[in-house]
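Only one structure is covered here, and it is reproduced in the block below.
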């Protein structure tokens, strides 16, 4: 039980830190879901850095490195994207899938010269295209 107590103490600290950053992380995530979809990795990074600077200026705690794919999609879903649906191991592609999935009331815009997105979403949502 001593080991469990130590582990629970560590988990409690981690959860407390996450709770203290939840408002900032939610704001960053909401902004990302609305504005980052059609942009490339460099411009996405610039926008996120700008928003983080705004939050810092307002003293709103937030995660320094917010992983959008990890924030919105569980590891099991991301594993399925790669193993079963053939999505290449690329963090920008994972973010793009998450952002497209969040835009359920509109058709997301994709720049997809390699045809990766079309093939992936056709496998993910068979019969929808």
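In my numbering, the protein residues as written are 10 to 138.
Ideal Cβ placement from N, Cα and C applies to all residues, glycine included.
Note that this is a predicted model, so its numbers are computed, not measured.
Residues in the same chain with beta-carbon distance under 6 angstroms from residue 53, minus the five sequence neighbours each way, listed in chain order, please. Within the chain shown, the letter at position 44 stands for residue 53. Taken in chain order, the residues that qualify are 45.
CA-CA distance, residue 29 and residue 70? By one-based count along the chain shown, residue 29 stands at place 20. By one-based count along the chain shown, residue 70 stands at place 61. In a straight line, the C-alpha of residue 29 is about 7 angstroms away from that of residue 70.
My output table needs one value for residue 69: the three-state DSSP class, helix, strand or coil. In the chain shown, residue 69 corresponds to position 60, counting from 1. Of the three classes helix, strand and coil, the one that applies to residue 69 here is coil, per DSSP.
Straight-line gap, residue 125 to residue 96 (C-alpha atoms, nearest Å): For this step, residue 125 is matched to residue 116 along the chain shown. For this step, residue 96 is matched to residue 87 along the chain shown. Near 7 angstroms, if we compare the C-alpha coordinates of residue 96 and residue 125.
Are there 16 or more other CB atoms within 10 angstroms of the CB of residue 73, so buried, or fewer, so exposed? Locating residue 73 in the chain shown gives position 64, where the first residue counts as 1. So residue 73 ends up on the exposed side.
Residue 12 versus residue 19 - alpha carbon distance: The residue you call residue 12 lines up with position 3 of the chain shown. The residue you call residue 19 lines up with position 10 of the chain shown. If I take the Cα positions, the gap works out to 11 angstroms.
Give the secondary structure of residue 44 by DSSP, where H, G and I count as helix, E and B as strand, and everything else as coil. Position 35 of the chain shown, counted from the first residue, corresponds to residue 44. If DSSP states are grouped into helix, strand and coil, residue 44 belongs with the helices.
For residue 132, count neighbouring Cβ atoms within 10 angstroms of its own Cβ and tell me buried if that reaches 16, exposed if not. On the chain shown, position 123 is the one that residue 132 refers to. By the neighbour-count rule (16 or more Cβ atoms within 10 Å), residue 132 is not buried but exposed.
Measure the C-alpha to C-alpha separation of residue 82 and residue 21 and round it to an integer number of angstroms. Mapped onto the chain shown, residue 82 falls at position 73. Mapped onto the chain shown, residue 21 falls at position 12. If I take the Cα positions, the gap works out to 23 angstroms.
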